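**Student:** Just passing along the structure, written as structure tokens.
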Amino acid sequence: MSNREKEPLFSAKNLKLFTAPLGQDNPITVQVLGICSALAVTVKLKPALVMALSVTVVVAVSNLVIAAMRKFIPDRIRIIVQLVVIATMVILVDQSLKAYAFDVSKQLSVFVGLIITNCIIMGRLEAFAMANKPWPSFIDGIGNGAGYGIILIIVAFFREFLGSGTIYGYPVLEKLGIYSTGYHNNGLMILPPMALITVGMIIWFQRSRNKSLIEKK
Amino acid sequence: MENLLNIFVKSIFIDNMIFAYFLGMCSYLAVSKTVKTSIGLGIAVIFVLLITTPVNFLVEHYILNKGALSWLGKGFADVDLSFLTFMVFIAVIAAIVQLVEMIVEKYSPSLYNSLGIFLPLIAVNCAILGVSLFMQEREYQSIAEATVFGVGSGIGWMLAIVSIAAIREKLRYSNVPDPLKGVGITFILTGLMAIAFMGFMGIKL
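Protein chains in written order, with the working numbering: chain A, 4 to 220; chain B, 22 to 226.
Below, the structure is given as structure tokens:
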């Protein structure tokens with residue numbers, strides 16, 4: 004990246020930072036990071052959406068902060084510095100969730116706290132923010148948060164729709180009168196194992212569309 | 022005693038860290054290629070959990086909780102530091118992992134050689150922080166309960182990673198569709214194993 008020339012805020016390069024994590028460089032399906040918290044919150048769309056937003060905020064702002072401080076952080080203690088920045092952000096997110104969306108914060112339980120150890124955030128800080136300027140780092144954070152969010156929302160959509168017959172809490176199947184034809188919800192979908200299998204399916208689908216992602220062994 | 026045994030069995034089989042809560046998935050997926058390394062990582066996780074869970078229990082009960090500082094004197098009786106939980110827990114874990122690494126290196130070089138590379142990885146393993154947070158959320162009453170819960174979760178985690186590693190070793194000789202190779206099939210296998218583990222649900226001693 005040229006340091007001398009002034010770049011427009013949304014140059015092609017910056018836009019690429021945002022779009023790449025959405026598809027071919029997705030943090031969950033391609034880089035396989037941040038699975039830990041991703042699967043547990045996808046029973047319903049609402050907690051998944053809140054979780055996606057929280058992670059996006061945390062990763063974007065910590066990227067910004069670390070990128071702004073990157074020249075002053077001694078190399079030896081950078082992990083601790085990163086953890087402190089992330090933990091501060093997570094505490095802020097957690098406290099605001101408790102204040103404004105208490106029921107969702109109860110549903111997410113420990114998984115808000117586990118954003119701290121979410122590998123996506125540490126990974127982005129190490130790989131991107133430590134070597135780039137604040138603005139591209141911020142966009143990179145938003146992009147990766149969104150890429151994480153998209154997978155969360157796809158998984159949550161299928162699990163909620165097939166498992167509870169609702170979309171974002173709205174009883175679609177009941178309104179359409181599907182139940183009277185003898186249809187039953189698949190109770191397995193809301194149990195933990197199906198989250199893993201759904202993500203496996205998404206990876207399968209994505210890799211069969213995009214052959215370059217296939218792992219060689 | 023019965024209560025402790027119950028917590029132990031429950032944390033290994035029913036509330037298994039991987040199959041029920043997906044904690045520590047990153048290292049689970051990355052280090053499960055051979056049985057040997059996964060056993061090493063599993064032991065390291067149990068070891069770290071054995072130390073961090075009781076320490077975090079003490080930290081929570083004597084420093085962070087509302088009124089926990091009252092042993093310092095009357096003036097501290099209504100100090101509530103619980104909003105600092107995340108930061109203190111992660112700091113405790115990072116510090117203990119560092120300490121354990123140094124001690125093991127000094128006193129048992131052979132153990133260090135087999136565990137050494139995994140220890141730094143563990144500081145950011147979600148399973149470790151997750152166990153401390155679950156310990157807090159479920160409000161275990163005594164330090165014994167917390168320790169047993171920590172060790173049980175560690176054993177459950179090791180069970181999961183060693184069994185998936187064994188399956189992946191065999192998988193090398195089977196004909197998996199190209200797009201599913203690697204991560205994809207591992208996810209689906211873990212899902213199937215999780216369904217099997219659901220058979221333990223409802224066990225109570």
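Glycine included, every Cβ here is placed at the ideal spot set by N, Cα and C. Bear in mind that the values here come from a model prediction, so they are computed numbers and not experimental data.
Under 6 Å Cβ to Cβ from residue 7 of chain A, same chain only, skipping five residues before and after it: list those, please.
**Tutor:** As a working mapping, residue 7 of chain A is identified with position 4 in the first sequence. Because residue 7 of chain A sits at a pLDDT of 47, beneath the cut-off of 50, its placement in the model cannot be relied upon, and the following sentence gives the value as read from the coordinates. Within the same chain, residue 7 of chain A has no close Cβ partners at all.
**Student:** If contact means a Cβ-Cβ distance below 9 Å, which residues of the region 189 to 201 of chain A contact chain B?
**Tutor:** 191, 194, 195, 196, 197, 198, 199, 200 and 201
**Student:** Name, going along the chain, the residues of the region 172 to 189 of chain B whose beta-carbon falls closer than 9 Å to a beta-carbon of chain A.
**Tutor:** Near chain A, meaning a CB-to-CB distance below 9 Å, no residue of the region 172 to 189 of chain B qualifies.
**Student:** Under a Cβ-count criterion, where at least 16 other Cβ atoms within 10 Å of its own Cβ denotes burial, should residue 5 of chain A be classed as buried or exposed?
**Tutor:** Here residue 5 of chain A corresponds to residue number 2 of the first sequence, with the count starting at 1. Low per-residue confidence applies at residue 5 of chain A: pLDDT is 42, beneath 50, and the placement is therefore not dependable enough to give any value.
**Student:** In or out: residue 29 of chain B buried (at least 16 other Cβ within 10 Å) or exposed?
**Tutor:** Working through the second sequence from its first residue, we reach residue 29 of chain B at position 8. Buried, by the Cβ-count rule.
**Student:** Hey, which unbroken runs of the beta strand (DSSP E) at 3 residues or more fall wholly within the region 32 to 80 of chain B?
**Tutor:** Entirely contained in the region 32 to 80 of chain B, not one beta strand (DSSP E) run reaches 3 residues.
**Student:** Taking the alpha-carbon of residue 115 of chain A as reference, which of A:163, A:97, A:147 and A:136 has the nearest alpha-carbon?
**Tutor:** The count along the first sequence starts at 1 and reaches residue 115 of chain A at position 112. Nearest C-alpha to residue 115 of chain A: A:97.
**Student:** Could you pull the DSSP bridge partners for residue 173 of chain A from this structure?
**Tutor:** One-based indexing of the first sequence puts residue 173 of chain A at position 170. The partner list for residue 173 of chain A (beta bridge, DSSP) reads A:170.
**Student:** Please confirm whether residue 40 of chain A and residue 147 of chain A have their CB atoms less than 7 Å apart.
**Tutor:** On the first sequence, residue 40 of chain A is found 37 positions in, with the first residue counted as 1. On the first sequence, residue 147 of chain A is found 144 positions in, with the first residue counted as 1. No.
**Student:** What does the Cβ neighbour count give for residue 129 of chain B, buried or exposed, with the cut at 16 atoms within 10 Å?
**Tutor:** Here residue 129 of chain B is taken as the residue at index 108 of the second sequence, counted from 1. Within a 10 Å sphere around the beta-carbon of residue 129 of chain B sit fewer than 16 other beta-carbons, which makes this residue exposed.
**Student:** Can you list, in chain order, the stretches of the beta strand (DSSP E) that have 3 or more residues and sit fully within the region 26 to 90 of chain A?
**Tutor:** none
**Student:** Which residue marks the beginning of the alpha helix (DSSP H) containing residue 129 of chain A, and which one marks its end?
**Tutor:** As a working note, residue 129 of chain A is residue 126 in the first sequence. Segment 122 to 130, the alpha helix (DSSP H) holding residue 129 of chain A.
**Student:** Could you list which residues in chain A have their beta carbon closer than 7 Å to that of residue 200 of chain B, in chain order?
**Tutor:** Position 179 of the second sequence, counted from the first residue, corresponds to residue 200 of chain B. What residue 200 of chain B touches in chain A: 207, 210, 211 and 217.
**Student:** Alpha carbons only, please: which of A:23, A:101 and A:32 is nearest the one belonging to residue 200 of chain A?
**Tutor:** For the purposes of this step, residue 200 of chain A is identified with residue 197 of the first sequence, where counting begins at 1. Distances from the alpha-carbon of residue 200 of chain A to those of A:23, A:101 and A:32 put A:32 closest.
**Student:** Hey, does residue 247 of chain B have any beta-carbon neighbour from chain A nearer than 7 Å?
**Tutor:** In the structure as shown, chain B begins at 22 and stops at 226. Residue 247 of chain B is therefore absent and cannot be evaluated.
**Student:** Measuring straight from C-alpha to C-alpha, what distance separates residue 27 of chain B and residue 225 of chain B?
**Tutor:** Residue 27 of chain B sits at position 6 when you count from the first residue of the second sequence. Residue 225 of chain B sits at position 204 when you count from the first residue of the second sequence. The alpha-carbon atoms of residue 27 of chain B and residue 225 of chain B are separated by roughly 7 Å.
**Student:** Is residue 98 of chain B helix, strand or coil when you go by DSSP?
**Tutor:** Counting from 1 along the second sequence, the entry for residue 98 of chain B is found at position 77. DSSP places residue 98 of chain B in coil when its eight states are reduced to three.
**Student:** Apart from the five residues on each side of it in sequence, which residues of its chain come closer than 7 Å, Cβ to Cβ, to residue 73 of chain A?
**Tutor:** If you number the first sequence from 1, residue 73 of chain A lands on position 70. The residues are 132 and 133.
**Student:** Short of 8 Å in beta carbon distance, which residues of its chain neighbour residue 147 of chain B, apart from the five on each side in sequence? Order them along the chain.
**Tutor:** Locating residue 147 of chain B in the second sequence gives position 126, where the first residue counts as 1. Closer than 8 Å at Cβ, skipping near neighbours: 44, 45, 46 and 47.
**Student:** Below 8 Å between beta carbons is the criterion; list the residues of the region 111 to 129 of chain A that meet it against any residue of chain B, in chain order.
**Tutor:** 112, 113, 116, 117, 119, 120, 121, 122 and 125
**Student:** Specify the secondary structure class of residue 197 of chain B as computed by DSSP and reduced to three states.
**Tutor:** As a first step, residue 197 of chain B is located in the second sequence; it is residue number 176 there, counting from the start. If DSSP states are grouped into helix, strand and coil, residue 197 of chain B belongs with coil.
**Student:** Counting contacts by CB-CB distance shorter than 7 Å, is residue 5 of chain A in contact with chain B?
**Tutor:** Numbered from its first residue, the first sequence carries residue 5 of chain A at position 2. Confidence at residue 5 of chain A is low in this model, with a pLDDT of 42, below 50, so its placement is unreliable and the value that follows should be read with caution. Closer than 7 Å: no.
**Student:** Below 8 Å, how does it come out for the region 97 to 111 of chain A and the region 178 to 185 of chain A: are there three or more Cβ pairs, yes or no?
**Tutor:** no
**Student:** Please determine if the region 51 to 70 of chain A and the region 98 to 112 of chain B are in contact, where contact requires at least 3 C-beta pairs separated by less than 8 Å.
**Tutor:** By the C-beta criterion, the region 51 to 70 of chain A is judged not to be in contact with the region 98 to 112 of chain B, since fewer than 3 inter-stretch pairs fall below 8 Å.
**Student:** May I have the straight-line CA-CA distance separating residue 30 of chain A from residue 82 of chain B, to the nearest angstrom?
**Tutor:** Locating residue 30 of chain A in the first sequence gives position 27, counting from the first residue. Locating residue 82 of chain B in the second sequence gives position 61, counting from the first residue. The alpha-carbon of residue 30 of chain A is positioned some 37 Å away from that of residue 82 of chain B.
**Student:** On the three-state DSSP scale, how would you describe residue 159 of chain B?
**Tutor:** Residue mapping note: residue 159 of chain B aligns to position 138 of the second sequence, counting from 1. Of the three classes helix, strand and coil, the one that applies to residue 159 of chain B here is coil, per DSSP.
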